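Taking it in order: structure first as structure tokens, then the write-up.
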Amino acid sequence: MRIETIGSATLYLADCREVLPTLPKVDAVITDPPYGIGADTHAGPEKSGWKQYGDGGWDVDRPEREVFDLMAKAVRKGGGMIIWGGNYFTDYLPPTMQWLVWDKGQREFSLADCEFAWSSQKKAARIFNYPRPLALKDGKQHPTQKPVALMEWCIDILGNPETVLDPFMGSGTTGVACMNLGRKFIGIEIEPKYFDIACERISAAQAQGRLFA
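Numbers 0 to 212, taken from numbering that gives the first Met the number 0, label the letters of the sequence shown in order.
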């Protein structure tokens with residue numbers, strides 16, 4: 000295990016199943032777990048923002064139900080959860096009133112028009128319109144990387160929680176959003192390559208925040 004502290008962010012290079020039971024309660028979980036669809040081996044034309052990311056084996060299977068139970072236990076009473084790719088985990092997650100949709104503003108494209116997130120909140124469903132070309136301007140370094148603006152929107156949807164946990168941190172987008180908004184962040188990532196990228200991105204966002212402060 001490796002632990003890095005970057006400003007108000009604490010990052011773990013580890014298996015989230017080992018770390019989650021040791022953490023204090025958080026206000027929110029916002030995460031994008033592997034869906035088990037082989038996204039780690041996907042390749043496409045560079046102009047679309049896709050490239051060969053290598054066969055890391057991290058998207059062969061979905062996380063076990065145990066992981067979702069651990070995430071739920073990590074959230075304090077009255078806190079919230081948002082899980083992207085929730086449509087892949089409907090057998091794990093309870094029925095919900097609030098589904099979130101990222102509308103990518105592009106139709107009849109080889110990739111999905113939108114993506115879905117399960118939310119624990121008993122509130123109306125919401126749609127975030129954010130074109131794919133804008134998302135690519137973040138600098139895509141992970142095959143399932145979400146836009147920073149989308150994660151900032153998720154934080155707002157959950158009422159701007161003070162501490163946010165992402166047990167599947169990937170390239171650190173949730174952490175970048177937290178740094179931008181002045182939130183505390185706990186991130187866990189099992190792949191060393193993406194952990195290092197997350198550290199770099201979150202460090203840059205933390206430094207930028209201090210500059211503007």
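A virtual CB, placed ideally from N, CA and C, is assigned to each residue, including glycine.
Predicted model, so just to flag it, every value in this text is computed and none were measured.
According to the DSSP secondary-structure assignment, Ile82 is paired through a beta bridge with Thr30, Trp117. With at least 16 other beta carbons inside 10 angstroms of its own, Phe127 counts as buried. Pairing Glu63 with Arg182, the inter-Cα distance amounts to about 29 Å.
Straight-line spacing of the CA atoms in Leu133 and Lys145 works out to 11 Å.
Ala124 and Gln97 have their C-alpha atoms roughly 4 Å apart. Lys103 carries a coil assignment under DSSP once its states are collapsed to helix, strand and coil.
About 19 Å separates the CB atoms of Cys113 and Lys122; that is not less than 8 Å, and the two are not in contact.
A residue is called buried once 16 or more other Cβ atoms fall within 10 Å of its Cβ, and Val163 is buried on that count. In this structure, Ile82 sits near Trp117, with a CB-CB distance shorter than 8 Å. Counting along the chain, the unbroken alpha helix (DSSP H) around Leu180 starts and ends at 172-180. Nearest in C-alpha terms to Leu22, of all of Ile187, Ala204, Gly171, is Ile187.
Closest by C-alpha distance to Gly84, out of Phe167, Glu199, Gln207, Pro191, is Phe167.
Boundaries of the beta strand (DSSP E) harbouring Leu10: 8-12, taken from the DSSP string. Here Val59 is exposed. Its C-beta has fewer than 16 other C-beta atoms within 10 Å. Taking a 10 Å sphere around the C-beta of Arg200, we find 16 or more other C-beta atoms and assign the residue as buried.
Residue pairing for Gly186: DSSP places it in a beta bridge opposite Leu10, Asp165. The Cβ neighbour count for Thr173, taken over all protein chains shown within 10 Å, is at least 16; the residue is labelled buried.
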